[in-house]
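Single-structure report; data block below.
There are 2 protein chains.
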Amino acid sequence: MSNARKGRVDPARSLAILWRTREPASRSAGPGLSVDRIVRAAIEIADAEGIDALTMRRVGEALGAGTMSVYTYVPGKTELLDVMVDTLYGEMSRPVDVPGGWRARLESIARENLRLYRAHPWLLRAETSRPVLGPHLLAKYDYELGAVAGIGLDDVEMDAVLTLVLGHVRSAARAELDVVNLERETGMTDGQWWQSHAPWLEHFMKSGSYPTAARVGTAAGQAHGAAYGPEHAFEWGLQRVLDGISVVIAERRGA
Amino acid sequence: MSNARKGRVDPARSLAILWRTREPASRSAGPGLSVDRIVRAAIEIADAEGIDALTMRRVGEALGAGTMSVYTYVPGKTELLDVMVDTLYGEMSRPVDVPGGWRARLESIARENLRLYRAHPWLLRAETSRPVLGPHLLAKYDYELGAVAGIGLDDVEMDAVLTLVLGHVRSAARAELDVVNLERETGMTDGQWWQSHAPWLEHFMKSGSYPTAARVGTAAGQAHGAAYGPEHAFEWGLQRVLDGISVVIAERRGA
DNA sequence: CTCGGTCCCGTACGCGGTACGGCAGGGAAG
DNA sequence: CTTCCCTGCCGTACCGCGTACGGGACCGAG
Numbered sequence: 001m002s003n004a005r006k007g008r009v010d011p012a013r014s015l016a017i018l019w020r021t022r023e024p025a026s027r028s029a030g031p032g033l034s035v036d037r038i039v040r041a042a043i044e045i046a047d048a049e050g051i052d053a054l055t056m057r058r059v060g061e062a063l064g065a066g067t068m069s070v071y072t073y074v075p076g077k078t079e080l081l082d083v084m085v086d087t088l089y090g091e092m093s094r095p096v097d098v099p100g101g102w103r104a105r106l107e108s109i110a111r112e113n114l115r116l117y118r119a120h121p122w123l124l125r126a127e128t129s130r131p132v133l134g135p136h137l138l139a140k141y142d143y144e145l146g147a148v149a150g151i152g153l154d155d156v157e158m159d160a161v162l163t164l165v166l167g168h169v170r171s172a173a174r175a176e177l178d179v180v181n182l183e184r185e186t187g188m189t190d191g192q193w194w195q196s197h198a199p200w201l202e203h204f205m206k207s208g209s210y211p212t213a214a215r216v217g218t219a220a221g222q223a224h225g226a227a228y229g230p231e232h233a234f235e236w237g238l239q240r241v242l243d244g245i246s247v248v249i250a251e252r253r254g255a
Numbered sequence: 256m257s258n259a260r261k262g263r264v265d266p267a268r269s270l271a272i273l274w275r276t277r278e279p280a281s282r283s284a285g286p287g288l289s290v291d292r293i294v295r296a297a298i299e300i301a302d303a304e305g306i307d308a309l310t311m312r313r314v315g316e317a318l319g320a321g322t323m324s325v326y327t328y329v330p331g332k333t334e335l336l337d338v339m340v341d342t343l344y345g346e347m348s349r350p351v352d353v354p355g356g357w358r359a360r361l362e363s364i365a366r367e368n369l370r371l372y373r374a375h376p377w378l379l380r381a382e383t384s385r386p387v388l389g390p391h392l393l394a395k396y397d398y399e400l401g402a403v404a405g406i407g408l409d410d411v412e413m414d415a416v417l418t419l420v421l422g423h424v425r426s427a428a429r430a431e432l433d434v435v436n437l438e439r440e441t442g443m444t445d446g447q448w449w450q451s452h453a454p455w456l457e458h459f460m461k462s463g464s465y466p467t468a469a470r471v472g473t474a475a476g477q478a479h480g481a482a483y484g485p486e487h488a489f490e491w492g493l494q495r496v497l498d499g500i501s502v503v504i505a506e507r508r509g510a
């Protein structure tokens, strides 16, 4: 349990790894490790078995190397996670030909970010803490800013728009992943879980308290098993957020 | 590193603890533990020293008891966290006399949730995973639904509105806390950190790539040290979100 | 006084990150 | 070719975590 950024953090060291300021140093003996190979292996492990299965021992093992060999290239697990995250940012799609103005572009960005979270759910846990200024994060930021450039917003507003939209994507992704994790961890489906909790809930709800919660919760639960769900929450919320942004843009245009 | 819900989870057991379905069982000898005392102590530790300092050994110690004594009342750390979270929900302010309609009430709710995150930053890490249906979560949900009841939205929409608003609060709180954590963990202030990274950034940005990111990032950074910041991101985003919601409500009213 | 249940906790296990120090092998210097 | 050192590699060990297990202490009931 944690995810904290432990110990002293040396920015220079971290950034050096992020930006790969280093000679290849090709030696033939041994497993022939490298930051790239380590990061690749780590991402594969996290994708396949979840971030809890990502241990330094496991990474070394996956590369046919000893545990401590990993530390030759990466100062610690924290920095490894940093590089993993930045690497994923680098693999995102960044189409330049999105038609439809700022709204369509923001939608496209939101969807691509959601796709990333779905493909690498552990990102939601790894991203915690401060942003790590890796090269791909910068590229991502630059690209995404392009969606809201030149439509009358000032710099701080552009940044705020992005923060808002990406924050929404994160929230939605988290909700969606929670459902999936729930099933995998407890071994029961969402429906089964609902079933097992239902008696208790009914008991306490029909005791008179929480009338609204009982009704709406049931309605949401019902719909949950049917058509509604995190997917719809993402779409619905995204449209609300974009509507809200459009108000500001309209104001700026009017002024 | 984790926060996962480990092992088999017995809903009945968890719920029993959440709802305190248990006799007081007052014994005079020993430290005289109880779920409440344990939870109280755990919350104090997490508040004062962060969630990483919250270990079962530490909890026992704080109560003048042995580590394993804690397990007499709580099945494991997971459940302890569950109860801690639900306990906090129970301590939230829920004014009934908020004037100004749904918008003012949602604003009030958002602010109260932000206050909670600020008072107990570890909540952001503990809340992960599925919602635990404790009594206070239900009360909270019921109360918050009241803000958007009777204004033309259907049940699923009411739930969606809440999800959206609370998700925004979470995002904003996370951003805000990241800044604070950054300072505590690295021992340097936001400004110092910016300073130490600046050379690198300038170097790579002035190399021609990422022109927009460079400009906006700098602008945001400047403002960051000055007036702008997470606080403003929260307020600005909240108004956007509420604007977006008002569009839907207006539609429903018109129809 | 005995007995059974409840509370308490000492010990120990497995597993995580990682400090430390040694080893080996290849290139550079002689 | 030999020597030396630098660098990649990693075995061992330490500390701290969550928690299973089994035993001891205390209680009220019979």
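These protein sequence lines are chains W and L, in that order.
Per the numbering used here, residue 1 is the first one in the first sequence, and the count goes up by one each step.
Per the numbering used here, residue 256 is the first one in the second sequence, and the count goes up by one each step.
For every residue, glycine included, the Cβ atom is placed at its ideal position computed from N, Cα and C.
Keep in mind it's a predicted model, so treat the numbers as computed, not measured.
Under the three-state reduction of DSSP output, L:Y328 falls in the coil class, being neither helix nor strand.
DSSP places W:E231 in the uninterrupted alpha helix (DSSP H) bounded by 230-254. Among the residues facing chain W, L:V411 is included, as its CB has a counterpart in that chain under 7 Å away.
Within the stretch 66-90 of chain W, the residues whose Cβ lies closer than 8 Å to some Cβ of chain L are K77, listed in chain order.
The beta strand (DSSP E) runs of length 3 or more contained entirely in the stretch 293-341 of chain L do not exist; there are none. In the DSSP annotation of this structure, the continuous segment of the alpha helix (DSSP H) that includes L:H391 starts and ends at 390-401. Taking every protein chain shown into account, the CB of W:P199 has fewer than 16 other CB atoms within 10 angstroms, so this residue is exposed. About 4 Å separates the beta carbons of W:H136 and W:G90, which is inside the 8 Å limit, making them a contact pair. The beta carbons of L:V294 and L:M339 sit closer together than 7 Å. Interface residue (Cβ-Cβ distance to chain L less than 7 Å): W:R240 is classified as such. The residue among W:T55, W:L88, W:M92 with its C-alpha nearest the C-alpha of W:G76 is W:T55.
For W:A220, the closest Cβ of chain L is nearer than 7 Å. Scanning its chain for C-beta atoms nearer than 6 Å, with the 5 sequence neighbours on each side dropped, one finds around L:V416 the residues V403, I500, in chain order. For a cut-off of 8 Å, the C-beta gap from L:Y396 to W:G217 is around 7 Å, short enough to register as a contact.
Secondary structure of W:E157 (DSSP, three-state): helix. For L:W357, the enclosing alpha helix (DSSP H) covers residues 356-374. In the DSSP assignment, L:R268 falls within the alpha helix (DSSP H) that extends over 266-273. Interface criterion not met: the Cβ of W:L177 is under 7 Å from no Cβ in chain L. Taking a C-beta cut-off of 7 Å against chain W, the contacting residues of the stretch 288-322 of chain L are D307, listed in chain order. By the neighbour-count criterion, in which a residue is buried when 16 or more other Cβ atoms sit within 10 angstroms of its Cβ, W:E127 is buried.
In the structure shown, L:D352 adopts coil according to DSSP, grouped into three states. In this structure, the straight-line span from the alpha carbon of L:A428 to that of W:L123 is close to 18 Å.
W:L164 carries a helical assignment under DSSP once its states are collapsed to helix, strand and coil.
Put simply, the backbone Cα of L:E457 is about 20 Å away from that of L:T444.
Taking CB atoms only, L:H452 has a neighbour in chain W less than 7 Å away. In this structure, W:L166 sits away from W:M158, with a CB-CB distance that is not shorter than 7 Å. Nearest CB-CB separation between L:T276 and chain W: not below the 7 Å threshold.
Our two residues, L:D498 and L:A394, have alpha carbons roughly 27 Å apart in a direct line. Counting only runs of 4 or more residues that sit fully inside the stretch 420-481 of chain L, the alpha helix (DSSP H) segments are 445-460, 466-480, in chain order.
For the 7 Å CB-CB criterion, W:A110 and L:T418 do not form a contact. Residues of the stretch 453-472 of chain L whose Cβ lies closer than 9 Å to any Cβ of chain W, in chain order: W455, L456, F459, M460, S464, Y465, P466, T467, A468, A469, R470, V471, G472. In the structure shown, L:G405 adopts coil according to DSSP, grouped into three states.
Short of 8 Å from the beta carbon of L:I298, and not among the five residues preceding or following it, lie these beta carbons of its own chain, in chain order: M339, T342, L343, H375.
Per DSSP, the unbroken alpha helix (DSSP H) holding W:L123 starts and ends at 123-126. With the criterion set as a beta carbon lying under 9 Å from some beta carbon of chain W, the members of the stretch 360-380 of chain L are L379, R380, in sequence order. Flagged as an interface residue toward chain W: L:G422, by a C-beta distance shorter than 7 Å.
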